[in-house]
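To keep things clear, I will list the structure first and then write my remarks on it.
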């Protein structure tokens, strides 16, 4: 039995940075410290943050004081302005890569270009990006939505930083027919691209693959889809306890991968559970051999 | 039995225009009139032109006088200069759409951009286009060749005017991974796009489809590939005589399409041959019925 944890899997730079900023802010600030939305799509880490005194809030309606941490996904300029009007202290932990995409969207909007943003309409990063587009942005979730777009002489297309590269390529390809001059900005961050590549590489080498992460994590969902395209024995789990002996049946080589918000200890727990399950199984088999 | 000739098939504007320019030039010029390379990839038309006194030459080495017609594919600036040095009269019948692509390549090269040109290395249009790129152009024939390219922060990609849109999209999609900012110029001419679309539409509706045109016509070859992807009973023929009863067996609905260099009379001849073949077949069947 062999267990391989995918290279480049687990917590990305932007999420690690936001976690550090949040903890430092808590240490150094008086008054309440809240994150606007969950800082990371991982229930265990969110619990730990709560214990340390960092709560997460979903909207700003009743907020009147304290510090608000903008998570790595970033927010639209409206939210920034609202916080300023409310005189709430802002600590901006937007991932620097997302910040660059926000600036790109703003620049393209300033140039009066139509900007196609490839991502999930409900994802916080997309909600932020569209806010920078001054009404020039169009969110596209898949290539079939391109059919409804009119022909344009010129337009730009970019992606959510954690987008599935394959899907982004398909949307861009479909846009070619509809556009005279299409500028494609590959804004998928390097760590997402390498994570997707090493996960799909691993999926082609193992008998079963576990994608570990929050069910509401968009990039972890994409990893699952990428692996599932290659290996039908791909399982999406939030915690090690969800791994069952049935999932491991007939599997000798097992892979583990996690999204940008999956801490390394969660990956290790999954590996331990698989190891233990195998040990129990071989003990049972030995006992059976001795009895017969 | 039903025979359908694909909409938008046959001679395109650029080829028709070049033919008219050649004939007018012949009428209005003293001395020899030659085309540099075959004016059209169609043996019948080439024969007609020869009878009218318009010969085709393959290179300029021994040429010392007369008029040279540049065909719709265009030529590289080197050839223009060589003709000028030789003091040979040039009549430029380059398709206006190809001329626009040549200007685009020259402009991108002037801006010091790497330009990927998607097309067949041996195609005269590509040979012309690469000449405008001042060493900044790279010819790519299919998406697998993209693998060998290095990462670039910025590059541009465009296509031979008669390229297969599907192949162009695949190459552009593959380039996204290798490029930070990729500008995709959809330089496939409108008539090529509509011809490809109506041929693939027809391929999905008929029992057999005949692609009629010169075997050395790049765009006709592409039509054949496009149709073959959809309908295995696709046949590439140069002349009506190549249609055999075996090809028509079990086919009730038959399609015909031709490339940018296929004259309408060649398409009509194919339709007539199919009609006659069916009539002969039903006469045979009637006779057989009367005898039994």
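Protein chains in written order, with the numbering used here: chain A, 41 to 332; chain B, 41 to 332.
Ideal Cβ placement from N, Cα and C applies to all residues, glycine included.
Query                                                                                                                                   : Result
Residues sharing a beta bridge with residue 194 of chain B, DSSP                                                                        : B:221
Strand pairing of residue 250 of chain A, partner residues [DSSP]                                                                       : A:275, A:296
Residues within the stretch 213-226 of chain A neighbouring chain B, beta-carbon criterion of under 7 Å                                 : 213, 216, 217, 219, 220, 221, 222, 223, 224, 225, 226
8 Å Cβ cutoff met for residue 280 of chain A and residue 313 of chain A                                                                 : yes
Residue 232 of chain B classed as buried or exposed, judged by whether at least 16 other C-beta atoms fall within 10 angstroms          : buried
7 Å CB neighbourhood of residue 122 of chain B in its chain, flanking five on each side removed                                         : 100
Straight-line Cα distance separating residue 108 of chain B from residue 53 of chain B                                                  : 21 Å
Neighbour flag for residue 209 of chain B against chain A, beta carbons, 8 Å                                                            : yes
Given 8 Å, three or more beta-carbon pairs between the stretch 211-224 of chain B and the stretch 211-224 of chain A                    : yes
CB contact check: residue 147 of chain A to chain B, cutoff 8 Å                                                                         : no
Contacting residues, own chain, Cβ-Cβ under 8 Å from residue 238 of chain A (five flanking each side not counted)                       : 46, 47, 48, 49, 297
Coil, strand or helix - residue 42 of chain A by DSSP                                                                                   : strand
C-beta neighbour in chain B for residue 205 of chain A, strict 8 Å                                                                      : yes
Burial state of residue 284 of chain A, where buried means 16 or more other Cβ atoms lie within 10 Å                                    : exposed
Where the alpha helix (DSSP H) through residue 239 of chain A begins and ends                                                           : 230-243
Among A:249, A:196, A:190, A:94, the one whose alpha carbon lies nearest that of residue 144 of chain A                                 : A:196
Under the three-state DSSP convention, the category residue 57 of chain B falls into                                                    : helix
Cβ distance (whole Å) where residue 228 of chain A is taken to contact residue 208 of chain A below 8 Å                                 : 6 Å
Secondary structure of residue 199 of chain B, DSSP reduced to three states                                                             : strand
Per DSSP, cross-strand counterpart(s) of residue 95 of chain A                                                                          : A:74
Buried or exposed by the 16-neighbour rule on C-beta atoms within 10 Å, applied to residue 167 of chain A                               : buried
Contact under 8 Å by Cβ, residue 93 of chain B with residue 125 of chain B                                                              : no
Reduced DSSP secondary structure (H/G/I, E/B, other) of residue 110 of chain B                                                          : strand
Presumed contact (8 Å Cβ cut-off) between residue 106 of chain A and residue 74 of chain A, rounded CB distance                         : 6 Å
Segment limits, alpha helix (DSSP H) that includes residue 145 of chain B                                                               : 136-150
Residues of its chain near residue 174 of chain A, where Cβ-Cβ distance is below 6 Å and the 5 sequence neighbours each way are ignored : 149
Residue 71 of chain B classed as buried or exposed, judged by whether at least 16 other C-beta atoms fall within 10 angstroms           : exposed
Under the three-state DSSP convention, the category residue 132 of chain A falls into                                                   : strand
The beta strand (DSSP E) enclosing residue 283 of chain B, as first and last residue numbers                                            : Neither: residue 283 of chain B is in no beta strand (DSSP E) and is coded neither H nor E.
6 Å CB neighbourhood of residue 146 of chain B in its chain, flanking five on each side removed                                         : 172
Endpoints, the alpha helix (DSSP H) within which residue 168 of chain A is located                                                      : 164-171
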